[in-house]
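K.L.:
One structure coming up, written as C-alpha cells, with questions to follow.
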Amino acid sequence: MQKKMWMRGLLLSALLCLAACHQGMEPVAFHDDGYPSKLSDWHVVEAHDGVLQLNDGVVPYELNTPLFTDYAHKLRTIWMPKGVSAKYSPKDTFDFPVGTIISKTFFYPIPKDAARNATDVARTYDTSRDFAAPGQGLNLAEVHLVETRLLIRRKEGWVAIPYVWNAEQTEATLARTGDVQALTLVSDNGERENFNYVVPDQSQCASCHARDWTTRAIQPIGPKARHLNRDYRYADGDENELAHLVRMGYLTGAPVPADAPRNANWMDTHASLDARARAYLDINCGHCHNPKGAANTTGLTLDIATTEDRHIGICKPPTAAGQGTGDHLFDIVPGHPDDSILPYRLSSTEPGTMMPEIGRSTMHREGVALIKAWIAAQSGDCLVLH
Amino acid sequence: MRKIYPLIAFSLLLTACGHQENAAQNQSDASFESKLEQQLLDAKPGSVIDIPAGHYSLKRGLSLRTNGVTIRGAGMDKTVLSFKGQIVGPEGLLVNADDFTIENLAIEDTMGDALKINQGKNITIHGVRIEWTGGPKSTNGAYGLYPVKTQNVLVEDSVVIGASDAGIYVGQSNNIVVRRNRAEQNVAGIEIENSVNADVYDNTATKNTGGILVFNMPNLSQAGHATRVFHNKVFTNNTGNFAKKGAAVASVPAGSGVVVNSNDKVEIFDNDIADSQTANVIISSYFSTNYYNTRGVATDYNPYPKGIYVYGNRFKGGGDSPDGLKLKTLKTAMYGISGNFPDVLWDGYTDPKNQADGLPPPNDRICIVDANGVLNADGPHDYKNPSTDTKPFQCSLPKLPPVALNPEPKV
C-alpha cells in the first residue's frame with residue numbers, strides 16, 4: 024500500500040512534469056549585465072528530450088498579425104520575476120518591469136515527407152506539427168530552429184541579444200554580429216526557393232525596436248494590446264492572451280478584452296480588407312514609419328493610428344526613395360496597385376529598394392497580394408496640377 | 050493569382066543566383082567584416098575605430114548607434130569598404146548617433162545609400178570617397194553622403210561619384226557646411242533639401258545631371274530656407290538624368306547648373322557656372338516637377354521659391370541644348386536653333402496670394418544681378434507667353450549671415 028502510493032506519486036509528478044515541460048531546467052536566470060554566451064544560461068527555453076521546452080512561468084503568446092520574416096514560424100514568450108507586473112497601455116507597448124525577459128524563437132517546420140537536412144525548410148502557414156502538445160514547447164522532430172532573440176528589460180532599459188541554434192539543435196550561442204544562413208524554402212508542391220536567412224546583428228535590432236530615433240530607446244514591438252487581444256491555445260485550454268496575462272499576474276490595468284483594441288488577423292477573410300491591410304502595415308512597417316521612427320524622414324506613416332490620406336501614402340510623392348520608386352510617381356495610386364510604390368518595394372528583395380529594409384530576403388507573396396488588393400479597392404485619383 | 054506564381058518564383062530564382070555570383074567574399078574579408086561589426090557594437094563615447102589601408106569586401110550593411118565615435122581610414126584611396134557583394138542592409142553604413150566623425154576612407158558600390166546619418170548632432174564627414182565604380186546607372190544606390198535630420202553638420206574634402214539620386218544630400222537638417230567637395234556623375238551633385246542655414250562653398254560639381262540643388266519637398270518635418278551657394282565651380286553638368294521616375298531629382302533637366310526649387314532665402318554668388326546645356330541657373334516651383342496634387346501634398350506646403358538672390362557669379366556658355374521637348378521647342382522658338390537660353394531660367398510660377406502690383410513683397414522677390422538675362426518660361430501656361438523682361442528681377446535682398454558651426458568640428 025505504502026509502496027503503491029509512492030508509485031502513484033511518482034507517476035503523478037512525472038505527468039505534471041510533462042505538462043509543465045521543464046524537465047531538468049533550473050529556474051529562469053535574469054542577468055542584469057553582459058551577454059551570456061549561451062541561450063541556456065537564461066533557462067527560458069531549452070532543448071531537452073526532443074522538445075524546445077518552456078520553463079515555469081514562461082508564457083507563450085502570438086500576435087493577431089505578425090511581422091513577416093521569410094516564412095519563419097515564431098515562438099514568443101514572456102517571463103517576469105515574482106511580484107512585479109507590466110502596466111497596460113491601450114496604444115503603446117506595455118510598460119514592463121525590470122527583470123522581464125521576452126524571447127522569440129524563429130523556426131521552420133521540416134518539409135513534409137522529406138528527409139531532414141540542414142538547409143531545407145517548409146514554406147507553410149500550417150502550425151499543426153510545431154508544438155509537442157497544446158501550450159507547450161516545440162516538437163524538435165518536426166521543426167528546425169534557426170535563432171532565438173531575447174529582449175531583456177534591465178535597469179538602463181531594454182537590451183536585445185541574438186542567439187543562433189547549432190546544427191545539432193541542442194543549444195543556441197550568442198551571435199552579436201548576426202549570421203547569414205543559406206536555406207531553401209520548400210512548398211508543399213515541391214517548389215524550392217533558395218534564400219539567405221539573415222540574423223540581424225545587435226545594432227540592427229534597434230533598426231526596428233527603436234521606435235523613437237531621438238531617444239533611441241529600444242522597446243518590444245509585439246506586446247501591445249491590439250496585437251495580443253486574441254485567443255491562445257494554452258495547456259489548460261483556449262484563453263484570451265490579455266486575460267491570461269492578467270490571470271498570471273503579469274499584467275495590471277487591462278480592461279476586459281472586449282474593451283481593448285484589436286488588430287485584425289491579416290489572413291482572416293471574415294475581416295474587412297481595410298482592417299487586414301492596416302494590421303499588416305502596422306506590424307510590418309509601423310515600427311519605422313511612425314511620427315517618431317527612423318522613417319519619419321519620409322513623411323509616410325503606416326502605423327495603425329494613421330489617417331487614410333496622404334499620410335498613409337495616398338497620392339503622396341516619395342521623399343527619398345531613390346531607385347526604390349521603380350519609376351512610379353506616388354506611394355499609393357488608388358485603384359492602381361501596379362502603379363504604386365508601396366507594393367513595388369514590398370515585392371523587391373534588393374537591398375536599397377526592398378521594404379522593410381531588413382528582416383527578410385524573400386518576397387511575402389500573400390502579404391503583397393493583400394496590399395495590392397487593398398489598393399485596388401481604393402477609389403479616386405492623383406490629379407497632377409500644373 | 051496561381052498562374053503568376055511560377056513567374057515570380059523564376060524571377061526570385063534569378064535574384065538569388067545573382068546574389069550568389071556577387072557574394073565573393075574570402076575568409077580574410079569575412080573576418081574583417083565580423084571584427085568591424087564587433088568594433089561598432091563595442092564602441093564607447095570617445096572610441097576611434099581605425100581601419101588600416103586595404104580593400105575590404107563586405108556583404109552586410111553596417112550600423113552604429115553610439116555617440117562620440119570616430120571612424121578613420123588611412124585615406125580615401127587607401128581604405129576601401131566595397132559593398133559589391135552586398136546581400137543585406139539598406140545602406141553601407143547607417144549611423145544614428147551624435148558627435149560622429151568619419152574620415153579618410155572610401156565606401157564603394159552599395160546597393161542602396163552609401164553613408165546615411167539619420168538623427169544626430171555634430172556630424173563631421175571629412176575626406177570620404179563614395180563611388181559607384183560602374184559609372185552613372187539607375188541601379189546605383191540613391192544617396193552618397195546622406196545626413197538627414199541632423200544638426201551642426203560638416204561635409205568637407207569628400208568625393209562622390211555615381212549616385213542615382215544625390216551625391217551629397219543634406220536633408221531636414223540645420224546648421225550645415227558643405228565645402229571643398231567634388232561631386233561627379235551623380236543625378237544631383239550636391240543637394241540641400243528642407244534644411245535651414247546651409248553654406249555650400251568651394252565645391253566642384255561637374256558631369257552631374259544638375260550641379261547644386263536647393264529644394265523644398267512637401268510633407269516633411271520642416272521647410273527649408275537660408276542657404277548660401279558661393280565660390281563653387283559648377284560646370285558641364287550635362288549627364289542624362291538617370292534617376293528613376295518619381296524621385297524629386299528625376300524632374301531635373303540634364304544640363305542644370307544651380308537649381309532652386311520651392312526653397313526660400315537662397316543666395317547664389319561668386320560661383321563659376323559654365324556650360325550647362327539647359328541653363329546655368331534654374332529657379333522653379335514644385336509645380337514644374339509634375340508631382341503636385343492636392344491629395345498627396347500637405348496644404349501648408351509652399352511651392353513657390355521666395356527671396357532668391359543671384360549676383361556676382363561668373364557665367365560662361367550654357368543654355369544651348371536644353372533637355373526635354375518642351376524646353377527645346379521654347380529655346381528654338383525664342384532664340385533660334387543656334388541660340389541659347391540666358392544664364393537664368395525661371396519657370397514663372399508666382400504665389401497669387403503674395404502679390405502687390407504684380408510683384409511679391411520686396412523680401413520675397415527673385416533678384417538677379419550680373420547675368421546676361423532671365424527667361425520667364427511661363428510654365429503656368431505651358432510656355433505660351435515667355436518673357437525676357439529683366440525688370441522684375443532688378444532688385445537686391447538682405448545678405449544672409451555665414452553659418453557658424455557650434456561646436457566647431459575637431460578635424
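Residue numbers (this note's numbering), protein chains in the order written: chain A, 24 to 409; chain B, 50 to 460. Note that beta-carbon positions come from the ideal geometry of N, C-alpha and C, so glycine has one too.
(1) Taking the alpha-carbon positions, what's the residue 404 of chain A to residue 432 of chain B distance?
(2) Excluding the five sequence neighbours on either side, which residues of its own chain have a C-beta within less than 7 angstroms of the C-beta of residue 103 of chain B, listed in chain order?
(3) So, is residue 363 of chain B buried or exposed, given that buried needs 16 or more other C-beta atoms within 10 angstroms?
(4) So, does the CB of residue 311 of chain A fall closer than 8 angstroms to a CB anywhere in chain B?
(5) Spell out a yes or no on whether the segment 294 to 310 of chain A and the segment 134 to 148 of chain A are touching, meaning 3 or more CB-CB pairs, one atom from each, closer than 8 angstroms.
(6) Please work out which residues of its chain come closer than 7 angstroms, Cβ to Cβ, to residue 164 of chain A, disregarding the five sequence neighbours upstream and downstream, and give them in chain order.
(7) Based on Cα-Cα distance, which residue from B:350, B:435, B:207 lies nearest to residue 230 of chain B?
(8) Listing by chain order, which chain B residues have their CB less than 8 angstroms from the CB of residue 331 of chain A?
(9) Rounded to whole angstroms, what is the Cα-Cα separation between residue 264 of chain A and residue 232 of chain A?
(10) Could you check if residue 221 of chain A is buried or exposed, using at least 16 other CB atoms within 10 Å of its CB as the buried criterion?
(11) Which residues, in chain order, does the segment 356 to 380 of chain A contribute to contact with chain B at a C-beta distance below 7 angstroms?
(12) Just the chain B side, please: which residues come within less than 8 angstroms of residue 320 of chain A by C-beta, in chain order?
(13) If you follow the beta strand (DSSP E) that residue 206 of chain A is in, where does it begin and where does it stop?
(14) So, is residue 328 of chain A buried or exposed, given that buried needs 16 or more other C-beta atoms within 10 angstroms?
(15) Count the other CB atoms, across all protein chains shown, that sit within 10 Å of the CB of residue 148 of chain A; report buried if there are 16 or more and exposed otherwise.
(16) May I ask you to report which of helix, strand or coil DSSP gives residue 233 of chain B?
(17) Whole-angstrom Cβ separation of residue 338 of chain B and residue 297 of chain B, contact assumed at under 8 angstroms?
(18) Report the neighbours of residue 295 of chain A on chain B: residues whose CB is nearer than 9 angstroms to its CB, in chain order.
(19) Using 8 angstroms as the threshold, is the segment 264 to 275 of chain A in touch with the segment 285 to 303 of chain A, meaning 3 or more CB pairs across them?
(20) I'd like the list of long-range same chain contacts for residue 18 of chain A, defined as Cβ closer than 6 angstroms, with 5 residues on each side in sequence excluded.
(21) Mind pulling the chain D residues with CB within less than 7 angstroms of residue 114 of chain B?
(22) Who are the Cβ neighbours of residue 211 of chain A in its own chain at under 6 angstroms, not counting the five residues just before and after it?
(23) For residue 245 of chain B and residue 223 of chain B, I'd like the C-alpha separation in whole angstroms.
(24) Take residue 124 of chain A as the anchor and find which of A:348, A:105, A:132, A:316 has the nearest alpha-carbon.
(25) Would you say residue 121 of chain B lies against chain A (beta-carbon separation less than 8 angstroms)?
(26) Go through the segment 393 to 446 of chain B residue by residue and report every complete run of the beta strand (DSSP E) that reaches 3 residues or more, in order.
(27) Interface residues of chain A around residue 238 of chain B at Cβ under 7 angstroms?
(28) Taking the straight line between their C-alpha atoms, what separation do you get for residue 317 of chain B and residue 279 of chain B?
(29) Just mark residue 62 of chain B as buried or exposed, buried being the case when its beta carbon has 16 or more other beta carbons within 10 Å.
(30) Count the other CB atoms within 10 Å of the CB of residue 246 of chain A; is the residue buried (16 or more) or exposed (fewer)?
(31) Let me know if residue 455 of chain B comes out buried or exposed under the rule of 16 or more other beta-carbons within 10 Å of its beta-carbon.
(32) List, in chain order, every chain B residue whose beta-carbon is nearer than 7 angstroms to that of residue 308 of chain A.
(33) If the cut-off is 8 angstroms on Cβ atoms, which residues from the segment 193 to 222 of chain A count as contacting chain B, listed in chain order?
(34) Would you mind reading off the limits of the alpha helix (DSSP H) that contains residue 179 of chain A?
(35) In chain B, which residues lie with their C-beta within 8 angstroms of the C-beta of residue 337 of chain A?
(36) Could you check the C-alpha separation between residue 60 of chain B and residue 122 of chain A for me, to the nearest Å?
P.N.:
For this structure:
(1) Here residue 404 of chain A refers to the residue found at position 381 when the first sequence is read from its first residue. Here residue 432 of chain B refers to the residue found at position 383 when the second sequence is read from its first residue. Roughly 26 angstroms separates the two Cα atoms.
(2) Looking up residue 103 of chain B in the second sequence gives position 54. If we look at residue 103 of chain B and ignore the five residues flanking it on each side, its Cβ neighbours are 128.
(3) One-based indexing of the second sequence puts residue 363 of chain B at position 314. So residue 363 of chain B counts as exposed.
(4) Looking up residue 311 of chain A in the first sequence gives position 288. No, residue 311 of chain A lies away from the interface with chain B (no Cβ there is under 8 angstroms from its Cβ).
(5) no
(6) To locate residue 164 of chain A, count along the first sequence from 1; it is residue 141. Counting only Cβ-Cβ distances below 7 angstroms, and skipping sequence neighbours, we find 73.
(7) Here the question's residue 230 of chain B lines up with position 181 in the second sequence. The residue with the shortest Cα to Cα distance from residue 230 of chain B is B:207.
(8) Taking the first sequence and counting its residues from 1, the one referred to as residue 331 of chain A is at position 308. What residue 331 of chain A touches in chain B: nothing, since even the nearest Cβ is about 11 angstroms away.
(9) For the purposes of this step, residue 264 of chain A is identified with residue 241 of the first sequence, where counting begins at 1. For the purposes of this step, residue 232 of chain A is identified with residue 209 of the first sequence, where counting begins at 1. If I take the Cα positions, the gap works out to 22 angstroms.
(10) Taking the first sequence and counting its residues from 1, one reaches residue 221 of chain A at position 198. Residue 221 of chain A is buried by the Cβ-count criterion.
(11) 364, 372, 373, 374, 375, 380
(12) For this step, residue 320 of chain A is matched to residue 297 along the first sequence. Close to residue 320 of chain A, with beta-carbon spacing below 8 angstroms, are these residues of chain B in chain order: 167, 197, 198, 220, 221, 269, 270.
(13) By 1-based counting over the first sequence, the position of residue 206 of chain A is 183. Taken as a continuous stretch (DSSP letters only), the beta strand (DSSP E) holding residue 206 of chain A covers 202 to 209.
(14) Taking the first residue of the first sequence as 1, we reach residue 328 of chain A at position 305. Within a 10 Å sphere around the beta-carbon of residue 328 of chain A sit fewer than 16 other beta-carbons, which makes this residue exposed.
(15) Start at 1 with the first residue of the first sequence, and residue 148 of chain A comes out as number 125. Result: exposed.
(16) Stepping through the second sequence from its first residue, residue 233 of chain B is reached at position 184. Three-state result, residue 233 of chain B: strand.
(17) Counting from one through the second sequence, the residue named residue 338 of chain B turns up at place 289. Counting from one through the second sequence, the residue named residue 297 of chain B turns up at place 248. Indeed, because the Cβ distance is near 7 angstroms, the residues count as touching under 8 angstroms.
(18) The sequence position of residue 295 of chain A within the first sequence is 272, counting from 1. Those within 9 angstroms of residue 295 of chain A in chain B number zero; the least Cβ separation is about 20 angstroms.
(19) Because the criterion of three Cβ pairs below 8 angstroms is not met, the segment 264 to 275 of chain A and the segment 285 to 303 of chain A do not touch.
(20) Since the displayed chain A opens at 24 and closes at 409, residue 18 of chain A lies outside it and no answer follows.
(21) Going by chain labels, chain D is absent from the structure shown, which instead holds the protein chains A and B.
(22) If you number the first sequence from 1, residue 211 of chain A lands on position 188. Counting only Cβ-Cβ distances below 6 angstroms, and skipping sequence neighbours, we find nothing.
(23) Taking the first residue of the second sequence as 1, we reach residue 245 of chain B at position 196. Taking the first residue of the second sequence as 1, we reach residue 223 of chain B at position 174. Between residue 245 of chain B and residue 223 of chain B, the C-alpha separation is close to 5 angstroms.
(24) Here residue 124 of chain A refers to the residue found at position 101 of the first sequence. For residue 124 of chain A, the nearest C-alpha among the options comes from A:105.
(25) For the purposes of this step, residue 121 of chain B is taken as residue 72 along the second sequence, with counting starting at 1. Chain A contact via Cβ: absent.
(26) Within the segment 393 to 446 of chain B, the beta strand (DSSP E) runs of at least 3 residues that lie entirely inside it are, in chain order, 393 to 395, 415 to 417, 423 to 425.
(27) Walking along the second sequence from the start, residue 238 of chain B turns up at place 189. At a beta-carbon threshold of 7 angstroms, none of the residues of chain A lie near residue 238 of chain B; the nearest stands roughly 15 angstroms away.
(28) Numbered from its first residue, the second sequence carries residue 317 of chain B at position 268. Numbered from its first residue, the second sequence carries residue 279 of chain B at position 230. Cα to Cα, residue 317 of chain B sits roughly 6 angstroms from residue 279 of chain B.
(29) The count along the second sequence starts at 1 and reaches residue 62 of chain B at position 13. Note on residue 62 of chain B: pLDDT 40, under 50, position unreliable in the model; no value is reported.
(30) Along the first sequence, read from residue 1 onward, the residue named residue 246 of chain A stands at position 223. Residue 246 of chain A comes out buried.
(31) On the second sequence, residue 455 of chain B is found 406 positions in, with the first residue counted as 1. Classification of residue 455 of chain B: exposed, given that the 10 Å Cβ count is below 16.
(32) For the purposes of this step, residue 308 of chain A is identified with residue 285 of the first sequence, where counting begins at 1. Per Cβ cutoff of 7 angstroms: no residues; residue 308 of chain A is ~14 angstroms from chain B at best.
(33) 199, 200, 201, 203, 214, 216, 217, 218, 219, 221
(34) In the first sequence, residue 179 of chain A corresponds to position 156, counting from 1. Looking at the DSSP string, residue 179 of chain A is not in any alpha helix (DSSP H), and its letter there is neither H nor E.
(35) Working through the first sequence from its first residue, we reach residue 337 of chain A at position 314. Against chain B, a Cβ distance below 8 angstroms from residue 337 of chain A picks out 344, 345.
(36) Within the second sequence, the letter at position 11 stands for residue 60 of chain B. Within the first sequence, the letter at position 99 stands for residue 122 of chain A. The predicted model places residue 60 of chain B with a pLDDT of 42, which falls under 50 and marks its position as unreliable; any figure quoted below should be read in that light. A direct Cα-Cα distance of roughly 47 angstroms separates residue 60 of chain B from residue 122 of chain A.
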